Each structure stands twice: as structure tokens, then as C-alpha cells.
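Residue numbers for the sequence shown follow the numbering used here, so the first one is 75 and each next one is one higher. By construction, the Cβ of each residue, glycine as well, lies at the ideal position given by its N, Cα and C atoms. Please read all numbers here as calculations on a predicted model, not as lab measurements. Okay, structure first, notes after.
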Amino acid sequence: QSGMGHAITVNNPIRFHETDYYKENVGYQCSGTPVDCIKAGMYLLKGRKPDLILSGINHGSNVSTNVLYSGTMSAAVEGALEGIPSIGFSLTNYAADADFSVSKAIVKEIVAKALQNKMEKGICLNVNIPDVPLDKIKGIKSCRQGKAFWDDTFDERVDPLGKKYYWLTGSFVAHEQAENSDVQLLKNNYVTVV
């Protein structure tokens with residue numbers, strides 16, 4: 075549900091279905107938004123709270139202003155709003171067949187550190203992972219959010235009935251080259267943590 079941001083479902087029912095995707099663990103599929111998943115999970119836990127909420131691994135980075143549009147990051151932010159340490163993970167690859175094997179190793183390392191060091195309640199981390207082999211990753215860097223934005227354009231098209239419609243397109247533009255920003259560190263093959 076890319077681009078859902080912090081949307082919640084208010085005009086439709088939300089459905090849950092148990093899934094065996096996780097084999098030995100009980101899991102659920104939710105028809106709602108990423109934020110709905112967190113809200114519903116908190117309700118279904120009936121007062122119990124998880125130690126940590128994880129969201130992702132997202133297809134494509136969530137650097138700079140992308141966190142405002144991201145369903146992945148909004149789920150993590152919702153967890154933090156619930157007072158639970160939360161982490162959103164993203165891989166800089168938009169392909170449907172992206173290889174997540176390196177990301178899985180990075181996620182395991184960061185989650186282990188987060189649990190060991192007991193993140194504070196209400197903290198949300200945004201982790202972006204470069205799409206390179208593990209031996210090309212230079213390290214994990216805590217950094218600040220970069221200053222960049224989407225230079226939006228609308229592609230005007232015509233449907234088979236001759237009516238105009240528009241497709242949102244654009245390019246991501248970095249307005250700074252600061253070496254300590256998530257945008258630049260990610261380009262230099264560092265895993266970034268904001």
C-alpha cells in the first residue's frame with residue numbers, strides 16, 4: 075500500500091484472516107491500511123503491548139520527505155504514538171522481484187541491538203538499506219533526515235472512451251549534498267538510521 079501515508083479506514087469494514095505464512099507463528103492478513111494494522115493489533119492484544127513494532131521491508135527507500143507518504147513508516151509512527159518502540163525498514167529497490175536477503179540480515183542485526191539496548195517508549199526509527207551485496211555495505215550510520223522532495227508532475231492521458239485522466243509522476247530531487255544525511259549516506263552504501 076505504497077503512498078498510503080497515515081490513512082485509516084473509516085468508511086468500510088476491516089477484515090482479518092488468519093494466515094499460515096509464518097508457519098509456526100500465528101499471523102493475520104488485514105484488509106485495511108498499514109496504520110489500521112497497528113491499531114487493530116493493539117485492540118486484538120487486549121491490553122498487552124509488544125516489546126517492539128516492525129514495519130516493512132518496503133520496496134524502495136523512505137528517505138527525506140518520503141516518510142510523509144509512506145504506509146510503511148506511518149505504521150511505525152503509529153506504533154510509536156502507542157508508546158511502543160518502532161522501526162520501519164526499506165530497501166532501495168522498487169522491483170517486484172527484489173532480493174531481500176541482505177535486508178533480512180540487516181534487519182536481524184538492528185532488531186537484536188534494539189531489543190538488547192531497550193529502545194525508549196515512543197521512539198520510531200527509519201532504516202534504509204542500500205540495494206548492494208552485503209560485502210559492499212560500508213556500515214550502519216545514525217544520521218539526520220535529508221532535505222529532498224518529489225518534483226511532481228501530472229502526465230495527461232486519454233482513456234479508451236476519449237476522456238482525459240492524469241497519472242502522478244515526478245522525480246526525487248535532493249536539495250543538499252550534506253554528507254551526514256540519509257540521502258547521501260545511502261548513496262555511499264551505508265545503512266541509514268534516522
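Excluding the five sequence neighbours on either side, which residues of its own chain have a C-beta within less than 6 angstroms of the C-beta of residue i, listed in chain order?
{"i": "S129", "result": "T146, A149, A150 and G162"}
{"i": "C198", "result": "A150, V151, A154 and S160"}
If residue i and residue j are in contact, beta carbons under 8 angstroms, what's the gap, nearest whole angstrom?
{"i": "I88", "j": "C104", "result": "6 angstroms"}
{"i": "V100", "j": "H80", "result": "Actually they are not in contact, since the Cβ atoms of V100 and H80 sit about 27 angstroms apart, beyond 8 angstroms."}
{"i": "I131", "j": "S164", "result": "7 angstroms"}
{"i": "G244", "j": "D226", "result": "4 angstroms"}
{"i": "T166", "j": "L260", "result": "6 angstroms"}
Using a Cβ-Cβ cutoff of less than 8 angstroms, which residues in the same chain neighbour residue i once the five nearest sequence positions on both sides are dropped?
{"i": "W241", "result": "F228, D229 and R231"}
{"i": "P234", "result": "none"}
Less than 8 angstroms separating the beta-carbons of residue i and residue j?
{"i": "N262", "j": "K212", "result": "yes"}
{"i": "Q258", "j": "G220", "result": "yes"}
{"i": "I214", "j": "V267", "result": "yes"}
{"i": "V265", "j": "V206", "result": "no"}
{"i": "Y143", "j": "G77", "result": "yes"}
{"i": "V141", "j": "A222", "result": "no"}
{"i": "G66", "j": "K195", "result": "Within the shown structure, residues of the chain are numbered from 75 to 268, placing residue 66 beyond reach of any answer."}
Can you tell me which residues form a DSSP beta bridge with residue i?
{"i": "V267", "result": "V201 and S216"}
{"i": "C111", "result": "The partner list for C111 (beta bridge, DSSP) is empty, contrary to what the question assumes."}
**Asked** Within the chosen definition, does the segment 110-121 reach the segment 176-183 through at least 3 CB pairs nearer than 8 angstroms?
**Response** no
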